[in-house]
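Asks: In the numbering used here, the protein residues as written are 114 to 712.
C-beta atoms are modelled at their ideal positions from N, C-alpha and C, and glycine is treated no differently.
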Amino acid sequence: MSCLAMVAQVTFVAKAPSAVSAGREFKVQFVLSNADGEDFACPTFKDVSVLAGPSESRFSNFQYVNGVASKSSSVTYTYILVAQHQGTVSIPQASIKANGKMMRTKPLTVKVTGNAGGGNSTAQSQNPDDEDFYVRPQRTGGSISQRDLYFTAEAGKRRVYEQEPIMLSYKFHSKVGVGLANVMLRQKPDLKGFWTQEIPLPRNLSPTVERQGNELYKVGTNLKYLIFPQQTGTLTIPGITFDCDIVQQNSQMDAIDAFFNGRGSINVKVQRRTDDLHIEVLPLPKPAPAAFSGGVGQFDVKAELVTPTPRTNDIATLRLTVGGKGNMKLIKAPSISFPKDFDTYAPKTTDHTQINADGIVGEMYFDYTFVPRNVGKYTIPPCDFVFFDPSSEKYVTLHTNAIEMDIEKGKRTREDVEADMMLRNADIAGNHQVRDLQHDASFLGAGFLWMGSMKHLLLTLLLLIALTVLLKVASTFIAQYADTAERRTKRAGKIAIRQLRVAQKALDAAKPVEFYDTLSTALKEYIASKLKVNATSLTNQGIIDLLKEKQVADEHIEDLRLLLETCDYARYAPDADLSQLEKDFARAEDLIQRLNACL
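Given below as structure tokens:
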């Protein structure tokens, strides 16, 4: 059999886009094909800034088709350029020595349109992972200076009032060509003197591209907090340390070895620390108004009657809604003056807020429960809501509208309500038979006058008899089922606790794969013990189906599904940092507690 070899032509060409926008990066390449070159002479660029380059990349290909062997190869020298002004940019000749002779590219021209934006640091819309934006990683042995990779702690404001929200962000700045592969937080920020709220970030947060001077950087956010200073004066946020893995290219490894050894790349570990951050916190003006709610920000307030038609001896609700932005979670419930004929109770607070760059925004509901005693027309006077507005640097007082009520006659008496309060305490002991006695108004008599009477003594005796009977009847069932149920519950709980301890050790040792594997096992074995099934044959979907049969709340099932998927994904793509591992561990603990309450 004959074997023919095809000899490919040797060429040296320049490649560049025909038109670009001013202020936008573009790529210029000089490609030598089918030869080994030496003495590459780069051109002198004019009217452009060189952001990166030259980066060298090599390609080779061998084919054997129908008895004919062919081989091709190339060496590419890449530059990243930017033109700041519209017009025409010339790409001069480049030269290289190949096969014993000097080869030169043809000059090119690039048309530049538009005008570049101002500023030295401009975020780009380009994706740093796009091919047109690719710069080959550093070679092994290359130094990684503080200029190549650094971290910053950035505060949205450096001078604020006490309780005024500040957005605190920790960011990495990695020069293009520095292969930042992984970032691990060594310790959490020391935020003494602040009330803090950590802001969850997406697992795969894509960095932006920014130009700083003549250099191009990938910039990404590692941590983000919303912080509220609780003290005045100059507060210091100490710097924190990050452990980083940098990928470098091993230029000494041949193509075959590189293919089977991670494409010839190695990881280099470096540490970076942020600078201390100083925040000047101003005190709120003195004296504060007597009705000051503690709110700092911009708010509005309204009051409304939730119960449409209040009746005597029925429970009614007045809702006070505070909306806006600021330190919403730290606002105290305002004081409301109810008529003397009303019985009132401590307000219930409901949080309907979310976090953004302006702080905590949304609404806080304060529900005031009251019980009217008499029929008639009543007025709940306006309520004062006082807060401090940092933008105007003064206290602001808002007033709700007065609420007019026409109390109608209810079906229940005052004695019903008083007895109902007694029932709430009696229900704790499991005595549900008292309710029938309590609703017999003719037996109870009028008001508190029956206390200490024969009726009162008789009711007490009946209660004791009822409790004794209930305890004896229930003891039989308790003896039959308590042991089995207790053992099952303790066994499931012990399994979960044991596995979570192992996961905690993996978390402390910064072993994400072992951590997520153990966390997944803990969840599955806990469910298996609770539902009395074999854990080895239990799939994620099987768990979901079993929980649905047990009528477990949909939100618990969805949280479990997402957490199991997180564990499965992280075991095969372990890119989570320490803070993410801690969050997922807390999610697992909370989920087991919720499931334990309903299984």
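(1) Flag this pair as yes or no: are the beta carbons of A515 and P494 separated by less than 8 Å?
(2) Is the Cβ-Cβ distance between Q300 and L339 less than 8 Å?
(3) Using a threshold of 7 Å, is the CB atom of G333 nearer than that to any non-hydrogen atom of the ligand ZN?
(4) In the segment 462-508, which residue ranges form an unbroken alpha helix (DSSP H) of at least 4 residues, counting only runs that do not cross its ends?
(5) Have a look at H669 and K696 and give me their C-alpha separation to the nearest angstrom.
(6) Per the DSSP calculation, Y263 is bridged to which residue(s)?
(7) If you count every other CB in all the chains shown that lies within 10 Å of the CB of S504, and 16 or more means buried, which is it?
(8) Distance, Cα to Cα, L675 vs Q142?
(9) For a test of the three-state rule: what should DSSP assign to S185, helix, strand or coil?
(10) With F451 as the anchor, note down where its alpha helix (DSSP H) starts and where it stops.
(11) DSSP state of G655, grouped into three classes?
(12) Work out the CA separation of S162 and T347 for me, nearest whole Å.
(13) In terms of DSSP beta bridges, what is E417 paired with?
(14) Taking the alpha-carbon of L660 as reference, which of K305, I640, L677 has the nearest alpha-carbon?
(15) Taking the alpha-carbon positions, what's the N212 to F125 distance?
(16) Which whole-angstrom value describes the C-beta separation of P402 and Y508, a residue pair presumed to lie in contact below a C-beta threshold of 8 Å?
(17) Enumerate in chain order the residues of its own chain whose CB-to-CB distance from L632 is below 6 Å, with the five nearest sequence positions on each side excluded.
(18) So, at 6 Å on beta carbons, what are the nonlocal neighbours of N709 in its own chain, with the 5 sequence-adjacent residues on each side left out?
(19) Counting only the same chain and skipping the five closest in sequence on each side, list residues whose C-beta sits under 6 Å from that of Q237.
(20) Contact check, L443 vs G407 under 8 Å by CB: the rounded distance?
(21) For L636 versus L677, is the C-beta spacing smaller than 8 Å?
(22) Expressed to the nearest angstrom, what Euclidean distance is found between the alpha-carbon atoms of A132 and T201?
(23) Determine, using beta carbons only, whether Q206 and P167 come nearer to each other than 8 Å.
(24) Rounded to whole angstroms, what is the Cα-Cα separation between A623 and Q693?
(25) In whole angstroms, what separates the C-alpha of S170 from that of L145?
(26) Would you call the CB atoms of L262 and S287 closer than 8 Å?
(27) Would you mind sorting I379 into buried or exposed? The rule is 16 or more other CB atoms within 10 Å of its CB.
Replies: The relevant details are as follows:
(1) Counting from one through the sequence shown, the residue named residue 515 turns up at place 402. Counting from one through the sequence shown, the residue named residue 494 turns up at place 381. Yes. Within cutoff.
(2) Sequence index remark: in the sequence shown, residue 300 carries index 187 (1-based). Sequence index remark: in the sequence shown, residue 339 carries index 226 (1-based). No, the pair does not count as a contact, with Cβ atoms beyond the cut-off.
(3) Among the components of this structure there are no ligands whatsoever, and the ligand ZN is therefore not found.
(4) none
(5) Position 556 of the sequence shown, counted from the first residue, corresponds to residue 669. Position 583 of the sequence shown, counted from the first residue, corresponds to residue 696. Straight-line Cα distance between these residues: approximately 17 Å.
(6) Start at 1 with the first residue of the sequence shown, and residue 263 comes out as number 150. In the DSSP output, where bridge partners are listed per residue, Y263 has H286.
(7) The sequence position of residue 504 within the sequence shown is 391, counting from 1. Classification of S504: exposed, given that the 10 Å Cβ count is below 16.
(8) What you label residue 675 is simply residue 562 of the sequence shown in a count that begins at 1. What you label residue 142 is simply residue 29 of the sequence shown in a count that begins at 1. Their backbone Cα atoms lie some 45 Å apart in a straight line.
(9) Position 72 of the sequence shown, counted from the start, is the residue given in the question as residue 185. Three-state result, S185: strand.
(10) By one-based count along the sequence shown, residue 451 stands at place 338. Segment: none, F451 is in no alpha helix (DSSP H) and carries neither H nor E.
(11) For the purposes of this step, residue 655 is identified with residue 542 of the sequence shown, where counting begins at 1. Helix at G655.
(12) Looking up residue 347 in the sequence shown gives position 234. Looking up residue 162 in the sequence shown gives position 49. Approximately 42 Å between the Cα atoms of the pair.
(13) Locating residue 417 in the sequence shown gives position 304, where the first residue counts as 1. Per DSSP, the beta-bridge partners of E417 are R432.
(14) Here residue 660 refers to the residue found at position 547 when the sequence shown is read from its first residue. Looking at the Cα atoms, I640 is the closest of the given residues.
(15) Along the sequence shown, read from residue 1 onward, the residue named residue 212 stands at position 99. Along the sequence shown, read from residue 1 onward, the residue named residue 125 stands at position 12. Approximately 12 Å between the Cα atoms of the pair.
(16) Within the sequence shown, the letter at position 289 stands for residue 402. Within the sequence shown, the letter at position 395 stands for residue 508. Confirmed, Cβ separation roughly 6 Å.
(17) Within the sequence shown, the letter at position 519 stands for residue 632. Cβ-Cβ distances below 6 Å link L632 to A616, C680, A701 in the same chain, with the five nearest sequence neighbours on each side left out; the list follows chain order.
(18) Translated into positions along the sequence shown, residue 709 becomes position 596. Cβ within range, chain order: n/a, list empty.
(19) The sequence position of residue 237 within the sequence shown is 124, counting from 1. Any reading at Q237 must be qualified, since the residue scores a pLDDT of 43, below 50, and its modelled position is unreliable; the value itself is stated next. Exclusion of the five residues before and after Q237 leaves V322 as the residues of its chain whose Cβ lies within less than 6 Å of its Cβ.
(20) What you label residue 443 is simply residue 330 of the sequence shown in a count that begins at 1. What you label residue 407 is simply residue 294 of the sequence shown in a count that begins at 1. About 6 Å separates the two Cβ atoms, so the contact holds.
(21) Taking the sequence shown and counting its residues from 1, one reaches residue 636 at position 523. Taking the sequence shown and counting its residues from 1, one reaches residue 677 at position 564. Yes; because the gap between Cβ atoms is below 8 Å, this pair is in contact.
(22) By 1-based counting over the sequence shown, the position of residue 132 is 19. By 1-based counting over the sequence shown, the position of residue 201 is 88. The alpha-carbon atoms of A132 and T201 are separated by roughly 9 Å.
(23) Walking along the sequence shown from the start, residue 206 turns up at place 93. Walking along the sequence shown from the start, residue 167 turns up at place 54. Going by C-beta atoms, Q206 is not nearer than 8 Å to P167.
(24) Taking the sequence shown and counting its residues from 1, one reaches residue 623 at position 510. Taking the sequence shown and counting its residues from 1, one reaches residue 693 at position 580. Cα to Cα, the separation comes out at about 11 Å.
(25) In the sequence shown, counting from the first residue as 1, residue 170 sits at position 57. In the sequence shown, counting from the first residue as 1, residue 145 sits at position 32. Cα to Cα, the separation comes out at about 11 Å.
(26) Within the sequence shown, residue 262 is the residue found at index 149, counting from 1. Within the sequence shown, residue 287 is the residue found at index 174, counting from 1. Contact: yes.
(27) Mapped onto the sequence shown, residue 379 falls at position 266. Result: exposed.
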